[in-house]
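Chains U and Z, in that order, give the protein sequences. Counting the first sequence from 1 gives a position; my numbering is that position plus 275. Counting the second sequence from 1 gives a position; my numbering is that position plus 2. Glycine is no exception: its CB is placed at the ideal position from the N, C-alpha and C atoms.
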Amino acid sequence: MSSTEETIHHAHRDDEGSRMGMWLFLFTELLLFGGMFLAYSVYRYMHQAEFHIAAKELSTLMGTLNTLILLTSSLTMALAIAALQNNKKVLSLILQGTTLVFALWFLINKYFEWSAKYHHGLFPGADVLMEKSPGQILFFGLYYVMTGLHGLHVIIGMLIISYMSLGTAKNKITADNHVRLEAAGLYWHLVDIIWIFLFPLFYLIS
Amino acid sequence: MNNNAADNSVSYLHYKGKYSGLKAWILSTDHKRIGLLYMVTMLFFFSVGVTFGVLMRLELLTPGKTIVGPQTYNSFFTLHGIIMIFLFIIPGLPAVFGNFFLPIMIGAKDVSFPRLNLLSWWLFLAGGIMAIVSVLMPGGPVDTGWTFYIPYSVRTNTNVIPALLAAFTLGFSSILTGINFVTTIHRLRAPGMGWFKMPLFIWSLYSTAWIQILATPIVGITLLLVVFERLFGVGIFDPALGGDPVLYQHLFWIYSHPAVYIMILPAMGVISEIIPVFSHRTIFGYKFIALSSVAIALLGSLVWAHHMFTVGMSGTAMFLFSLLTFIVAIPSAIKVFNWVSTLYKGSIQTDPPLLFALAFIFLFSIGGFTGLIQGALSVNMHIHDTSFIVAHFHYVMFGGTGFGIFAAMHYWWPKMFGRKYDFKRAKRAFWFLFVGFNTLYFPMFVMGWLGMPRRYYDYLPQYQVYHVISTVGSWILVTGLFLMFKNLVSALMYGEKTTEQNPWGGETLEWSTTTPPPLENFAVIPVVTDAPYVYKDNDVLTQEDTH
């Protein structure tokens, strides 16, 4: 059924394929969070007033600040890729570093937020929280799990970007071969976009 | 212009790479070696799962205690379920035969991401080890059933967390395989191989891979949430903390129903390969079979709540899920119709692979029809959670997918290893399997209909006769399994060596390369000009043009 002939169809490097694989992976990440967003919608529908009250405990200021930080870090990441494509290696490295600084800043804010909640006794299993209504317990359960898993993704993103910076510095990621940095960028935008949904759903419903 | 020229005169089994010994296998990024790694691990876990199954049947031989106590019995059916589903049936075809044959059948040298492929296997192994650890750790093996239903799964003191993490890790491995396969099928098809020139096994793997990608993350997060709930007392599903156990069931089945299509679709693909080859006839309705795989993947994602007809959903929801359940049967029926039509007036050659394929059609049809019986709302109330459902899904999963895996083994074994197995012994094993299977599972339909609940340790004396028949069936089935694997394994060691490229007269690409295949699959990448299954050379009934 088939004739054979010499061909160079199968080049070893396939940037288009790598991008496709990354996008498929991002779908799975979206669905992972999708499960939690689904749980959130069901419970918020069941306990609207209690979600509203519980959300008052969160600091809108902190949330807004973190949103700004993360959005800006997405910009610096995109610029880092553009810089590398234009053969500006040092600029790209600086921008990748800036992204990392923003990411760290985000986590530090998160740390202060969580520890403030902890001091108010608003953590799973604490008496103060357990005395509250079921809707509020659920709100904080979801808050910790969803922002916690998002925080984990920030950390993973930081590790990936650090690895990419190393690759850039060693000239393994270059203007001609930057698909890995692009994939890291896509991942970072995903982290960003999930936060864009988390922010209004937890901070802006009070 | 074969730029990375590998030595293509040596088979993948003997190729010397960077590593030697065991490392040459467990660190290999060759899709064929990874496929075999999966096969060895999968068969190991299969034997463990079978052992639990046989012990469970033995316990049910008499009412009350036969060999073990109720707590151990609960662990038996839980571990049997977890192992068979996550470690045998899900990876069975895609990870073993998909890995081995997907690149070859589309004329590629490897999958798109070979290193990721190896990582998938390592994750699979890690998940399997975690499952074993959960059995051995203090606290006792998990006893929740493979479904981990809330609230029991947050209350029991057994090792639920390691079991959940095992399932999560195995899910991750499955996702990575899915990503790899979708990308490979999109990017690496040989020149000339358009979508409708792909073999049907590839179509089924493609649909399966999408389900793996889209459905698995949901169960991943659901299981993680149960872990958080157990570890930190986070209120998500536990009703004591305001949660809703029914929401857990929804999230669980949003994955786990599509997952049954992860299990059955590749088996349907294998059958679509075997039927035309052994009836020497062009497959009937190629496009319908190809697209019905996609239809099953789509519709199968919308029927999950038919597992939950007794939890108290709204009438509208019940009606819709029941309707969709009936609709999803249509694409499966299309396939069965097309297989049978392919056989019609073919020149049929009843070699072992075809026997298994025919058994698949027979058993899968029984499994499918009894599924429809349960999809009807009123009947479902009567047989919900009885052994009727146990019989149904074993007919589909074991009679279907299990026999599909055996069919694939007998079909591709000579190609994979360059050794012939004994046909007579294979056929004898087949009859043991077929008779044993029906003796084991058919009585479950009857006693389920009469009211025997599933997962029960004890039962009323009037059910004993069915339990005895069923347990005897399990012994026949195990004999068949033993005979079959003995035959296949001894073929590896003593079987007649063969380098015959195309022993069955197949028309797909794996038959156009040497036996066993070389490291990069083809000496030169083939150019595809024809649709698969066009039996020009066999001059038997080739009128059907598949375009």
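Indicate whether residue i and residue j have their beta-carbon atoms separated by less than 8 Å.
i: phenylalanine 102 (chain Z); j: glycine 51 (chain Z); result: no
i: proline 1 (chain Z); j: valine 529 (chain Z); result: Since the first residue of chain Z shown is 3 and the last is 549, residue 1 (chain Z) is not available in this structure.
i: isoleucine 350 (chain Z); j: phenylalanine 447 (chain Z); result: no
i: tyrosine 418 (chain U); j: phenylalanine 472 (chain U); result: no
i: lysine 429 (chain Z); j: leucine 357 (chain Z); result: yes
i: valine 342 (chain Z); j: threonine 327 (chain Z); result: no
i: valine 113 (chain Z); j: leucine 104 (chain Z); result: yes
i: isoleucine 36 (chain Z); j: asparagine 119 (chain Z); result: yes
i: phenylalanine 377 (chain U); j: serine 348 (chain U); result: yes
i: proline 355 (chain Z); j: serine 303 (chain Z); result: no
i: methionine 310 (chain Z); j: glutamine 251 (chain Z); result: yes
i: serine 13 (chain Z); j: proline 519 (chain Z); result: yes
i: threonine 31 (chain Z); j: proline 96 (chain Z); result: no
i: serine 481 (chain U); j: lysine 385 (chain U); result: no
i: glycine 406 (chain Z); j: phenylalanine 439 (chain Z); result: no
Which word fits residue i, buried or exposed, when buried means at least 16 other C-beta atoms lie within 10 angstroms of its C-beta?
i: glutamine 371 (chain U); result: buried
i: methionine 270 (chain Z); result: buried
i: histidine 412 (chain Z); result: buried
i: alanine 533 (chain Z); result: buried
i: histidine 395 (chain U); result: exposed
i: alanine 525 (chain Z); result: exposed
i: aspartate 240 (chain Z); result: buried
i: methionine 276 (chain U); result: Since pLDDT at methionine 276 (chain U) reaches only 32, below the 50 mark, its modelled position is unreliable, and the value read off the structure follows with that caveat. Result: buried.
i: glutamate 291 (chain U); result: exposed
i: leucine 494 (chain Z); result: exposed
i: methionine 200 (chain Z); result: buried
i: isoleucine 177 (chain Z); result: buried
i: isoleucine 478 (chain Z); result: buried
i: alanine 450 (chain U); result: exposed
i: methionine 383 (chain Z); result: exposed
i: aspartate 246 (chain Z); result: buried
i: histidine 16 (chain Z); result: exposed
i: valine 499 (chain Z); result: It is worth fixing the name first, because residue 499 (chain Z) is lysine in this sequence and not valine. So lysine 499 (chain Z) counts as exposed.
i: glutamate 457 (chain U); result: buried
i: proline 268 (chain Z); result: buried
i: threonine 218 (chain Z); result: buried
i: tryptophan 463 (chain U); result: buried
i: tyrosine 21 (chain Z); result: exposed
i: isoleucine 106 (chain Z); result: buried
i: valine 398 (chain Z); result: buried
i: arginine 157 (chain Z); result: exposed
i: glycine 373 (chain Z); result: buried
Which bits of chain U does residue i rub up against, with CB to CB less than 7 Å?
i: phenylalanine 234 (chain Z); result: Pro399 and Gly400
i: glycine 245 (chain Z); result: Leu413
i: leucine 227 (chain Z); result: Val420
i: phenylalanine 170 (chain Z); result: Residues of chain U passing the Cβ test: none, with the nearest at roughly 11 Å.
i: isoleucine 177 (chain Z); result: Thr303
In chain U, what lies closer than 9 Å to residue i by C-beta?
i: lysine 219 (chain Z); result: Per the sequence shown, the amino acid found at residue 219 (chain Z) is proline instead of lysine. The contacting residues are Phe302, Thr303, Glu304, Leu305, Leu306, Leu307, Phe308, Gly309 and Gly310.
i: threonine 185 (chain Z); result: Asp289, Gly292, Ser293, Met295, Gly296 and Leu299
i: isoleucine 215 (chain Z); result: Leu299, Phe300, Phe302, Thr303 and Leu306
i: phenylalanine 115 (chain Z); result: Gly292, Ser293 and Gly296
i: phenylalanine 103 (chain Z); result: In chain order: nothing, as chain U lies at least about 16 Å away.
Against residue i, what residues of chain U qualify as contacts under a CB-to-CB distance less than 8 Å, listed in chain order?
i: isoleucine 238 (chain Z); result: Ala314, Leu413, Gly416, Leu417 and Val420
i: leucine 356 (chain Z); result: Within 8 Å Cβ-Cβ: nothing; leucine 356 (chain Z) doesn't reach chain U, min ~21 Å.
i: threonine 224 (chain Z); result: Gly310
i: isoleucine 264 (chain Z); result: What isoleucine 264 (chain Z) touches in chain U: nothing, since even the nearest Cβ is about 14 Å away.
Listing by chain order, which chain B residues have their CB less than 8 Å from the CB of residue i?
i: glutamate 291 (chain U); result: In summary, chain B is missing from the structure at hand, where the protein chains are U and Z.
Who are residue i's beta bridge partners in DSSP?
i: proline 520 (chain Z); result: Z:Ser13
i: threonine 388 (chain Z); result: Z:Pro455
i: arginine 59 (chain Z); result: Bridge partners of arginine 59 (chain Z): none, in fact.
i: lysine 499 (chain Z); result: Z:Arg421
Mind listing the chain Z neighbours of residue i? Cutoff is C-beta to C-beta under 7 Å, in chain order.
i: glycine 410 (chain U); result: Gly244
Applying a beta-carbon distance threshold of less than 9 Å, which residues of chain Z neighbour residue i?
i: valine 317 (chain U); result: Asp246, Leu249 and His252
Check whether the Cβ of residue i sits closer than 7 Å to any heavy atom of the ligand COA, and report yes or no.
i: alanine 128 (chain Z); result: Only the bare structure without any ligand can be found here, which leaves the ligand COA out of the picture.
Curious, which full-length alpha helix (DSSP H) runs of at least 4 residues does the segment 144-206 of chain Z contain? Correct list: 154-157 and 162-189.
Length-filtered (4 minimum) alpha helix (DSSP H) runs lying within the segment 67-105 of chain Z: 72-84, all fully within the segment 67-105 of chain Z.
Report the residue ranges of all alpha helix (DSSP H) runs contained in full by the segment 202-288 of chain Z; include only those spanning at least 4 residues, in chain order. Qualifying alpha helix (DSSP H) stretches, in chain order: 202-234 and 247-281.
Mind pulling the alpha helix (DSSP H) runs of 4 or more residues that sit fully within the segment 464-511 of chain Z? Whole alpha helix (DSSP H) segments, 4+ residues: 466-496.
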